[in-house]
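Positions in the sequence shown are counted from 1; adding 28 to them yields the working numbering.
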Amino acid sequence: MEWWSFEVMVILSGLLPNPKLETAVLSICLNTNSLVCTVPNGLSSAISTRVSNELGVGQPRAALLAARVVIVLAFLVGTSEGLLLVLVHKVWGYAYSKDQEVVSYVGTMMLILAVSVLFDGLQYVLSGEKLKFATRQNSKACSSSS
29 MEWWSFEVMV
39 ILSGLLPNPK
49 LETAVLSICL
59 NTNSLVCTVP
69 NGLSSAISTR
79 VSNELGVGQP
89 RAALLAARVV
99 IVLAFLVGTS
109 EGLLLVLVHK
119 VWGYAYSKDQ
129 EVVSYVGTMM
139 LILAVSVLFD
149 GLQYVLSGEK
159 LKFATRQNSK
169 ACSSSS
């Protein structure tokens, strides 16, 4: 659903006053966002598995510790990725286009994206963690009824 909404945004950007510029900038920003979200997405998968394994062997404290560690790690990764985007914001557009206007707009959008990356990374990790803690409650219910 999220990816589909991104595609709709690209299509709708064609209705803006300068559609070629707006579509180019939006596409570059969405591509960059997809690139930087791979690490938090991997962390989310890893912590989901780790929490499930810890809860499966009956160690909720170890699961909680692992969850806390990955939250801190996701914050550090998000901060470092955001900082990297801030550092390269003036030149990042050149990886995609030679048009100075596109590069300039991408540079402006990278600053906004840098802030977004921090919160997106935390959201990836926390959403996976919530699912696994909810699974824990279902597992207890199933094992107590057996």
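Glycine included, every Cβ here is placed at the ideal spot set by N, Cα and C.
Since we're looking at a predicted model, the values are computed, not measured.
Per-residue burial, residue i [other beta carbons within 10 Å of its own, 16 or more giving buried]
{"i": "Thr77", "result": "exposed"}
{"i": "Pro68", "result": "buried"}
{"i": "Cys72", "result": "According to the sequence as given, residue 72 is Ser; it is not Cys. Ser72 comes out buried."}
{"i": "Gly86", "result": "exposed"}
{"i": "Ser173", "result": "Only weak support exists for where Ser173 lies, its pLDDT of 46 falling under 50; the value from the coordinates is given anyway. Its Cβ having fewer than 16 others within 10 Å, Ser173 is exposed."}
{"i": "Val105", "result": "buried"}
Own chain residues within Cβ distance below 6 Å of residue i, not counting five before or after
{"i": "Ile39", "result": "none"}
{"i": "Ser41", "result": "Glu50, Thr51 and Leu54"}
{"i": "Gly110", "result": "Ala142, Val145 and Leu146"}
{"i": "Val64", "result": "Glu109 and Val145"}
Cβ-based neighbour list, residue i, same chain, cut-off 7 Å, excluding 5 preceding and 5 following
{"i": "Val53", "result": "Val130, Tyr133, Val134 and Met137"}
{"i": "Leu141", "result": "Cys57, Thr60, Asn61 and Leu113"}
{"i": "Phe147", "result": "none"}
{"i": "Cys170", "result": "Confidence at Cys170 is low in this model, with a pLDDT of 48, below 50, so its placement is unreliable and the value that follows should be read with caution. Excluding positions up to five away in sequence, the list is empty."}
{"i": "Ala91", "result": "Val79, Glu82 and Leu83"}
{"i": "Gly121", "result": "Ile56, Val130, Val131, Val134 and Gly135"}
{"i": "Leu101", "result": "Leu71"}
{"i": "Thr163", "result": "Low per-residue confidence applies at Thr163: pLDDT is 49, beneath 50, and the placement is therefore not dependable enough to give any value."}
Residue range of the alpha helix (DSSP H) that includes residue i
{"i": "Asn69", "result": "Thr66 to Gly84"}
{"i": "Pro45", "result": "Unbroken run through Pro45: none, as it is neither H nor E."}
{"i": "Val114", "result": "Pro88 to Leu115"}
DSSP three-state assignment for residue i, whether helix, strand or coil
{"i": "Thr163", "result": "Here the model assigns Thr163 a pLDDT of 49, short of 50, so the residue's position is not dependable, and the following value carries that caveat. The answer is helix: DSSP assigns Thr163 an H, G or I state."}
{"i": "Tyr122", "result": "helix"}
{"i": "Asp127", "result": "coil"}
{"i": "Ser174", "result": "A caution first: Ser174 carries a pLDDT of 47, below 50, which makes its placement in the model unreliable, though a value can still be read off. Three-state result, Ser174: coil."}
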